[in-house]
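The structure appears below as structure tokens.
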Amino acid sequence: MSNINVLILAAGNGSRMKSTTPKVLHTVAGQTMIDWVLDAVEPLKTDKLITVIGVGAERVQEHVGNRSSFVLQSQQLGTGHAVRQAEAELKDSDGVTLIMSGDTPMFRSETLQGFIAEHERSNNAVTVLTTIANDPTGYGRIVRGEDETVQKIIEQKDASITERRIKEINTGVYVFNNRLLFESLAKVQNNNAQGEYYLPDTLNILRRSGEQIGAHTLQDFTESLGVNDRVALATANRVMHERINHQLMVDGVELLDPANTYIDSTVN
Numbered sequence: 001m002s003n004i005n006v007l008i009l010a011a012g013n014g015s016r017m018k019s020t021t022p023k024v025l026h027t028v029a030g031q032t033m034i035d036w037v038l039d040a041v042e043p044l045k046t047d048k049l050i051t052v053i054g055v056g057a058e059r060v061q062e063h064v065g066n067r068s069s070f071v072l073q074s075q076q077l078g079t080g081h082a083v084r085q086a087e088a089e090l091k092d093s094d095g096v097t098l099i100m101s102g103d104t105p106m107f108r109s110e111t112l113q114g115f116i117a118e119h120e121r122s123n124n125a126v127t128v129l130t131t132i133a134n135d136p137t138g139y140g141r142i143v144r145g146e147d148e149t150v151q152k153i154i155e156q157k158d159a160s161i162t163e164r165r166i167k168e169i170n171t172g173v174y175v176f177n178n179r180l181l182f183e184s185l186a187k188v189q190n191n192n193a194q195g196e197y198y199l200p201d202t203l204n205i206l207r208r209s210g211e212q213i214g215a216h217t218l219q220d221f222t223e224s225l226g227v228n229d230r231v232a233l234a235t236a237n238r239v240m241h242e243r244i245n246h247q248l249m250v251d252g253v254e255l256l257d258p259a260n261t262y263i264d265s266t267v268n
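Heads up, the sequence shown is in UniProt numbering, so the first residue is 1 and it goes up one at a time.
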């Protein structure tokens with residue numbers, strides 16, 4: 001397997017949480033979201049692990065400590081702009097770069113390992129992790145061509161009525177050939193409804209230049225759950241507690257009423 005870099009995007013202000021706590025420091029089943037993400041990537045044996053911080057940077061950096069290095073995104077100008085903050089640290093690295101958000105606590109290490117392995121087997125320039133959502137509202141949609149290859153990712157605010165009917169969504173997790181990542185990012189523009197630099201725009205740029213774009217479909221939608229507000233935080237807590245309870249019962253622990261049993265991840 002190639003050298004693996006990991007870039008965690010954790011600079012957003014999380015305004016919909018209506019909280020003074022940085023979004024990634026909110027807890028799910030007794031552990032902060034950023035810690036869940038760091039735990040998921042730890043088995044990957046990364047060459048470089050970088051967290052992009054912004055709003056609440058000092059608090060996030062203090063909490064994470066030496067588990068990651070950091071770069072600062074002083075202005076929140078989109079996911080593409082966030083990734084470019086790490087260019088000086090990563091642009092000359094060989095291998096691949098896994099990019100994911102710090103507010104996605106549900107991903108399993110095994111999922112990420114399989115995703116990276118699929119990317120390398122396929123010899124893609126970039127592979128995006130997708131899933132099928134019964135209600136895709138708010139997510140970027142995966143637009144495929146007649147041959148079923150990925151053509152682009154379109155954000156909901158920029159999507160047509162037809163594109164909004166697509167149920168295959170972008171989970172926000174990518175593996176890039178590292179050098180092609182920064183070559184394509186340099187060509188991303190901000191001519192969209194948000195006026196931001198979107199990381200998904202790199203897929204269309206790479207495709208037009210003749211590179212191979214791939215998608216790996218996640219079967220368990222709950223792994224892709226991101227947390228942007230209190231409702232989503234409650235959902236993530238419920239699903240994580242169900243996961244913990246299920247594993248405990250598989251291991252022989254008797255739970256008389258698992259639906260009303262709440263055991264945090266920190267319990268031994």
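The beta carbon of each residue, even a glycine, is placed where N, CA and C say it ideally should be.
Buried or exposed for residue i, going by 16 or more other Cβ atoms inside 10 Å?
i           : result
Ala215      : buried
Met249      : exposed
Pro136      : buried
residue 280 : Residue 280 lies beyond the range of the chain shown here (1 to 268); nothing can be said about it.
Ile8        : buried
Leu49       : buried
Ala125      : buried
Ser15       : exposed
Ser184      : buried
Gly56       : buried
Thr131      : buried
Val175      : buried
Ser68       : buried
Asp35       : buried
Lys157      : exposed
Val96       : buried
Would you mind working out which of the options sits nearest residue i, comparing C-alpha positions?
i      : options                           : result
Gly12  : Leu44, Gln73 and Gln151           : Gln73
Asp103 : Arg141, Ile4, Leu203 and Ala40    : Ala40
Glu242 : Gly226, Arg230, Thr222 and Ala232 : Thr222
Tyr262 : Gly252, Asn237 and Phe182         : Asn237
Gly54  : Arg144, Thr21, Ala259 and Asp257  : Thr21
Met33  : Gln75, His81, Ala88 and Met100    : Met100
Ser93  : Asp47, Asn192 and Phe107          : Asp47
Lys91  : Asn178, Leu225 and Lys187         : Asn178
Ser109 : Val173, Ala10 and Ala232          : Val173
So what does residue i bridge to, in DSSP terms?
i      : result
Gly54  : Gly56
Asn5   : Lys48 and Thr97
Val71  : Val52
Ala234 : Answer by DSSP bridge pairing: none, since Ala234 is not bridged.
Ile244 : Answer is none; Ile244 lacks a bridge partner.
Thr266 : Paired residues: none, contrary to the question.
Arg16  : None, per the DSSP bridge assignment.
Arg141 : Ile154 and Ile169
Taking Cβ positions only, does residue i come closer than 7 Å to chain D?
i     : result
Gln75 : Looking at the structure shown, chain D is missing, and only one protein chain is on hand.
Assign residue i to one of three DSSP states: helix, strand, or coil.
i      : result
Ala259 : helix
Ala117 : helix
Arg108 : coil
Thr127 : strand
Thr32  : strand
Ala11  : coil
Thr79  : helix
Beta strand (DSSP E) segments (min. 3 residues) lying fully within the stretch 144-227:
150-154, 168-177 and 213-218
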